[in-house]
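**Q** In mature numbering (1 follows the signal peptide of the UniProt record, and there is no 0), the protein residues as written are -19 to -1, 1 to 313.
Here's a structure for you.
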Amino acid sequence: MRPLLLASLMTATALPALAQEVNVYSHRQPELIQPLFDAFTAETGITVNSSFVDKGMVERLQAEGARSPADLILTVDVARLGEVKDAGVTQPIEDEALAAVPAALHDDENQWFALTTRARIVYASKERVAEGEVTTYEDLADPKWRGRICTRVFTHDYNVALTAAHLAHHGEEATRTWLEGIKANLTRKPEGGDRDQVKAIWAGECDIALGNTYYMGQMLSDDEQKAWADSVRIEFPTFQDGGTHVNVSGVAMTSAAPNRENALKLVEFLVSDEAQRIYAETNHEFPVKEGVARSELVASWGEFTADDLALSEISDLRPQALDLIEQVNFDG
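The following block contains the structure:
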């Protein structure tokens, strides 16, 4: 009996230590979020186990169901946050610390919250496009840009969200006409990623391209791509009745969340001043918390007024936006 009793006591003593962990499924590359997790562990003693899930996040969580080890989901783009919510694999997060996230930057049912933002801007050739020549997103459909625009496919989440924002501002018919106008202005069939468009500008294949702000930071830190970045400047277009379109990286709590209390502590940390600074600087993004300064590099790109359209509205309109993109055969 004594060995059994001793083993039982040892197990009971070990359980609290084993419970000091939180499990994260992440769409983001490990090197982009590890500094956050290291700082959280140093502060709390809670270990963060992160799994990089590039594709099939929803399918994996649905298959695991209530047995899922995942507590939190870290992902980018309102479309992906909307997908996990719509799939029923998340739960609301109620926590006073999340009051730091502006209302326009979280789900209206608290199923997901933004952690950083990025702007969907125009990269413009320094040589061939005058400063101030790019003004609005609507202007991209103007024939003056005929043969001068390149872009990644518009069925990509980033461009679907931008189209959904246009849809919210202007309605279906105007958005269809806008898409047709941009398509007519393309210099080539949509292909590649945002950085490939900047490379095309550098090579003289086009003059302007849509892209996310943070790619500038990534290119400037790459020996080969720095020349591409140096050939363009960032322009912050706006909607005619709004501001510059922004998207997010965000967090959601899974339905299963076996380590819910630890997960809440990590969420609280992610909206703290320290984490907002680390996250924004590591990823060249904008903090969501008021009063946390942008990195020196990000600040050098200039000021802009973010569109005040709620991201939850953009998320709701994404199926209609995608349908319009496919109707005009934008990527064909």
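Where a beta carbon is used, it is the ideal one built from N, C-alpha and C, also for glycine.
Count Cβ pairs between the segment 38 to 53 and the segment 9 to 16 that sit closer than 8 Å; are there 3 or more?
**A** no
**Q** Tell me the rounded alpha-carbon separation between residue -4 and residue 233.
**A** Your numbering for residue -4 matches position 16 in the sequence shown. Your numbering for residue 233 matches position 252 in the sequence shown. Confidence is the limiting factor: at residue -4 the pLDDT is only 39, short of 50, which leaves the residue's position unreliable, though a coordinate-based value still follows. When rounded, the distance between both Cα atoms is 25 Å.
**Q** Can you name the start and end residues of the beta strand (DSSP E) that residue 320 belongs to?
**A** This structure leaves residue 320 out entirely; the chain is present only between -19 and 313.
**Q** If you follow the alpha helix (DSSP H) that residue 18 is in, where does it begin and where does it stop?
**A** Within the sequence shown, numbered from 1, the residue matching residue 18 stands at position 37. Start and end: 11 to 25.
**Q** Considering only residues of the segment 109 to 185, which uninterrupted alpha helix (DSSP H) runs meet the minimum length of 4 residues and lie entirely inside it, listed in chain order?
**A** The segment 109 to 185 contains these whole alpha helix (DSSP H) runs: 138 to 151, 153 to 166, 175 to 183.
**Q** Just to confirm before moving on: does the CB-CB distance between residue 275 and residue 285 stay below 8 Å?
**A** The residue labelled residue 275 in the question sits at position 294 within the sequence shown. The residue labelled residue 285 in the question sits at position 304 within the sequence shown. Going by C-beta atoms, residue 275 is not nearer than 8 Å to residue 285.
**Q** On the DSSP bridge assignment, give the partners of residue 221 in chain order.
**A** The residue you call residue 221 lines up with position 240 of the sequence shown. Note: residue 221 sits in no beta bridge, so no partner.
**Q** Tell me whether the beta-carbon of residue 176 lies closer than 8 Å to the beta-carbon of residue 196.
**A** Residue numbering aside, residue 176 sits at position 195 when the sequence shown is read from its first letter. Residue numbering aside, residue 196 sits at position 215 when the sequence shown is read from its first letter. Their beta carbons are under 8 Å apart, which means residue 176 touches residue 196 by this criterion.
**Q** With distance defined between alpha-carbon atoms, name the residue in 19, 280, 133 nearest to residue 99.
**A** Sequence index remark: in the sequence shown, residue 99 carries index 118 (1-based). Selected option, being the one with the closest Cα: 280.
**Q** Are the beta-carbon atoms belonging to residue 137 and residue 118 less than 8 Å from one another?
**A** Within the sequence shown, numbered from 1, the residue matching residue 137 stands at position 156. Within the sequence shown, numbered from 1, the residue matching residue 118 stands at position 137. Contact flag unset, no.
**Q** Can you pull the DSSP bridge partners for residue 192?
**A** By one-based count along the sequence shown, residue 192 stands at place 211. 102, per the DSSP bridge assignment.
**Q** Beta carbon of residue 102, beta carbon of residue 216: below 8 Å?
**A** Counted from its first residue, the sequence shown places residue 102 at position 121. Counted from its first residue, the sequence shown places residue 216 at position 235. Closer than 8 Å, so yes.
**Q** Mark residue 58 as exposed unless 16 or more other C-beta atoms lie within 10 angstroms of its C-beta, in which case mark it buried.
**A** Position 77 of the sequence shown, counting from 1, holds the residue named residue 58. Label assigned to residue 58: buried.
**Q** DSSP state of residue 311, grouped into three classes?
**A** Position 330 of the sequence shown, counted from the first residue, corresponds to residue 311. Residue 311 falls in the coil class under three-state DSSP.
**Q** Using only the alpha-carbon positions, how far apart do residue 133 and residue 78 sit?
**A** Along the sequence shown, read from residue 1 onward, the residue named residue 133 stands at position 152. Along the sequence shown, read from residue 1 onward, the residue named residue 78 stands at position 97. In a straight line, the C-alpha of residue 133 is about 37 Å away from that of residue 78.
**Q** In the structure shown, what three-state DSSP assignment does residue 291 receive?
**A** The count along the sequence shown starts at 1 and reaches residue 291 at position 310. Secondary structure at residue 291: coil, using DSSP grouped into helix, strand and coil.
**Q** Would you list, in sequence order, the uninterrupted beta strand (DSSP E) runs of no fewer than 3 residues that lie entirely inside the segment 194 to 282?
**A** Listed in chain order, they are 213 to 216, 227 to 235.
**Q** Using a Cβ-Cβ cut-off of 7 Å (strictly less than) and excluding sequence neighbours within five positions of residue 295, which residues of its own chain qualify?
**A** Stepping through the sequence shown from its first residue, residue 295 is reached at position 314. For residue 295, where only same-chain residues beyond five positions count, the Cβ hits under 7 Å are 59, 142, 145, 146, 149.
**Q** According to DSSP, simplified to helix, strand and coil, what is residue 39?
**A** Here the question's residue 39 lines up with position 58 in the sequence shown. The answer is helix: DSSP assigns residue 39 an H, G or I state.
**Q** Quick check: the segment 155 to 166 against the segment 59 to 73, are at least 3 beta-carbon pairs closer than 8 Å?
**A** no
**Q** Looking only at C-alpha atoms, which of 302, 225, 73, 237 sits nearest to residue 6?
**A** Counting from one through the sequence shown, the residue named residue 6 turns up at place 25. When only C-alpha atoms are compared, the closest one is 237.
**Q** Since residue 49 is in the beta strand (DSSP E), which residue starts that stretch and which ends it?
**A** Along the sequence shown, one-based indexing puts residue 49 at 68. Residue 49: not part of any beta strand (DSSP E); DSSP gives it neither H nor E.
**Q** Given residue 127, which residues of its chain have a CB within under 6 Å of its CB, disregarding the five upstream and five downstream residues?
**A** On the sequence shown, residue 127 is found 146 positions in, with the first residue counted as 1. The beta carbon of residue 127 is closer than 6 Å to those of 166 in its chain, skipping five residues each way along the sequence.
**Q** So, with DSSP's three-state summary, where would you put residue 90?
**A** Residue mapping note: residue 90 aligns to position 109 of the sequence shown, counting from 1. It is coil, neither helix nor strand.
**Q** Quick check: what's the CA-CA separation for residue 205 versus residue 199?
**A** Here residue 205 refers to the residue found at position 224 when the sequence shown is read from its first residue. Here residue 199 refers to the residue found at position 218 when the sequence shown is read from its first residue. Roughly 11 Å between the two C-alpha positions.
**Q** Buried or exposed for residue 244, going by 16 or more other Cβ atoms inside 10 Å?
**A** Stepping through the sequence shown from its first residue, residue 244 is reached at position 263. With 16 or more Cβ atoms within 10 Å of its Cβ, residue 244 is classed as buried.
**Q** My understanding is that residue 104 touches residue 27, with C-beta atoms under 8 Å, so please give their C-beta distance in whole angstroms.
**A** Numbered from its first residue, the sequence shown carries residue 104 at position 123. Numbered from its first residue, the sequence shown carries residue 27 at position 46. With a Cβ gap of about 40 Å, residue 104 and residue 27 do not count as contacting.
**Q** Under the DSSP definition of a beta bridge, which residues are partnered with residue 75?
**A** Mapped onto the sequence shown, residue 75 falls at position 94. Answer is none; residue 75 lacks a bridge partner.
**Q** Would you kindly work out how many angstroms separate the C-alpha atoms of residue 242 and residue 94, rounded to a whole number?
**A** Within the sequence shown, numbered from 1, the residue matching residue 242 stands at position 261. Within the sequence shown, numbered from 1, the residue matching residue 94 stands at position 113. Cα-Cα distance, rounded: 17 Å.
**Q** According to the neighbour-count rule (16 or more other Cβ atoms, all chains shown, within 10 Å of its Cβ), is residue 33 buried or exposed?
**A** Your numbering for residue 33 matches position 52 in the sequence shown. Within a 10 Å sphere around the beta-carbon of residue 33 sit fewer than 16 other beta-carbons, which makes this residue exposed.
**Q** Taking the alpha-carbon positions, what's the residue 250 to residue 184 distance?
**A** If you number the sequence shown from 1, residue 250 lands on position 269. If you number the sequence shown from 1, residue 184 lands on position 203. So the alpha carbons of these two residues sit roughly 43 Å apart.
**Q** Just checking my contact of residue 260 with residue 53 at CB under 8 Å: how many whole Å lie between their CB atoms?
**A** Residue 260 sits at position 279 when you count from the first residue of the sequence shown. Residue 53 sits at position 72 when you count from the first residue of the sequence shown. Not quite, the Cβ-Cβ distance comes to about 14 Å (not below 8 Å), so this is no contact.
**Q** Using only the alpha-carbon positions, how far apart do residue -8 and residue 277 sit?
**A** On the sequence shown, residue -8 is found 12 positions in, with the first residue counted as 1. On the sequence shown, residue 277 is found 296 positions in, with the first residue counted as 1. Bear in mind that a pLDDT of 36 at residue -8, under 50, signals an unreliable position, so the number given afterwards is only what the model happens to contain. If you take the alpha carbons of residue -8 and residue 277, they lie about 50 Å apart.
**Q** Helix, strand or coil for residue 284? Go by DSSP, reduced to three states.
**A** Along the sequence shown, read from residue 1 onward, the residue named residue 284 stands at position 303. Residue 284: coil per DSSP, three-state reduction.
**Q** Name, in chain order, the residues that DSSP records as bridge partners for residue 296.
**A** Counted from its first residue, the sequence shown places residue 296 at position 315. The partner list for residue 296 (beta bridge, DSSP) is empty, contrary to what the question assumes.
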